[in-house]
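Participant: I have a structure here, written as structure tokens, and I will follow up with some questions on it.
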Amino acid sequence: MKLTRVIIKAKDYRKSCDFYKNSLGLKMKSSWQRKDSWGAIFSAGAGDIEIIWYPSGEGLETCNYIPTAAKFDIFLEAHDVDIVYRRLSASGADIIDQPHDAPWGFRMFSLRDPDNIRIVIAQALQ
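Going by the working numbering, the first residue of the sequence shown is number 17, and it counts up by one from there.
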């Protein structure tokens, strides 16, 4: 088995899509707006991130709230963490920490998406 997609049930579909497309710079592969659901799929290297929203209220208990902490993080690798950090900081992203070298061999920082999911941006140290 291999993980190919993370699905995020967004509280605010437009805000989440704007974050993943314009703030993180991920390419939107496809999107839809049907009566029962709106969704978008973004390319994130070897896998995808799917944003989904239910306008009818389906899944209300799991979609329309922002948890205090997600039960997972999204880990994205970049060619230059410092450039990505400066760009996201300038855009007003919800930055958690500044770039730092971790003892396990990555330079990294983290931020939160509109649904309070922690996004780690990392670069392997040479």
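From the three backbone atoms N, C-alpha and C, an ideal C-beta is built for every residue, glycine too. This structure is a prediction, so every number in the text was calculated from the model and none was measured.
Taking Thr53 as the reference, which of His95, Gly41, Gly61, Ala26 has the closest Cα?
Facilitator: Per the sequence shown, residue 53 should be read as Ser rather than Thr. Of the listed residues, the one whose Cα sits closest to Ser53 is Ala26.
Participant: For the alpha helix (DSSP H) holding Ala26, just list the boundary residues, first then last.
Facilitator: Here Ala26 belongs to no alpha helix (DSSP H), and DSSP marks it neither H nor E.
Participant: With the cut-off set at 8 Å, would you say Val97 and Arg123 are in Cβ contact?
Facilitator: Contact: yes.
Participant: Would you kindly report the start and end of the unbroken alpha helix (DSSP H) that includes Ile99?
Facilitator: 97 to 106
Participant: Considering only C-alpha positions, which residue in the set Thr20, Ala56, Tyr70, Leu42 is nearest to Ala62?
Facilitator: Thr20
Participant: Given this structure, state the Cα-to-Cα distance separating Lys37 from Pro130, to the nearest angstrom.
Facilitator: 13 Å
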